[in-house]
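My numbering puts the first residue of the sequence shown at 285, with every later residue one more than the last. Taking it in order: structure first as structure tokens, then the write-up.
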Amino acid sequence: MLCLALDNRTIMEKERKMDNREFSKQLEQRARTFAVRIIRLSTELPNTSEGRVIRNQITKAGTSVGANYREANRARSRADFNNKIKICESEASETQYWLQVIVEADLLPWERIKPEYTESSELLAIFTSIGKAGKSENTKRGE
């Protein structure tokens, strides 16, 4: 019976790791798709000095989300992973900021940026959740 219990636990751990790997893979793809959407949106901004500044800022922030998540998945330590997840949170939040500026400055209508704003909100929530899970794990370990 003990052998069966150990086998079941091992199977469950393998399934959880596979689920985590699949989740990570899907989230990495989602963040990359988001980056492409932000790049495409940025090309619609006016070619004024203000438009170019905002284009540069939103492109940096929006593409950084996925790049940092990719790096988090290749982190050398739990602390490195948590740090990169915090950067993902920060960049998703900054992207939201620039999207709000675009609308408030009447550079693009809300209807145009709404899908990207919604996606940045969802990514921010996901990375915040991952960050909180990492924090509670560190607390349990006494780190």
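C-beta atoms are modelled at their ideal positions from N, C-alpha and C, and glycine is treated no differently.
| query | result |
| --- | --- |
| Sub-8 Å separation of A376 and L407 beta-carbons | yes |
| Identity of the residue in A351, L392, A359, L383 nearest E403 by Cα | L383 |
| Spatial neighbours of L392 in its chain, beta-carbon cut-off 8 Å, leaving aside the 5 residues before and after | L325, E328, L329, I386 |
| First and last residue of the uninterrupted alpha helix (DSSP H) at E375 | 362–388 |
| Beta carbon of T379 nearer than 8 Å to that of A409 | no |
| Contacts around S348, its chain only, beta-carbon distance under 7 Å, and the 5 residues preceding and following it disregarded | E375 |
| R339, buried or exposed, once every other Cβ within 10 Å from all chains shown has been counted against 16 | buried |
| Coarse secondary structure for N331, derived from DSSP in three states | coil |
| Reduced DSSP secondary structure (H/G/I, E/B, other) of A409 | helix |
| Whole-number beta carbon distance between I369 and G335, since they are thought to touch under 8 Å | Actually they do not touch by this definition, with Cβ atoms about 32 Å apart. |
| Other residues of its chain near A359: CB distance less than 7 Å, five sequence neighbours each side excluded | F365, K368 |
| DSSP three-state assignment for L442, whether helix, strand or coil | Since the first residue of the chain shown is 285 and the last is 427, residue 442 is not available in this structure. |
| Within 8 Å, strictly: CB atoms of E312 and R362 | no |
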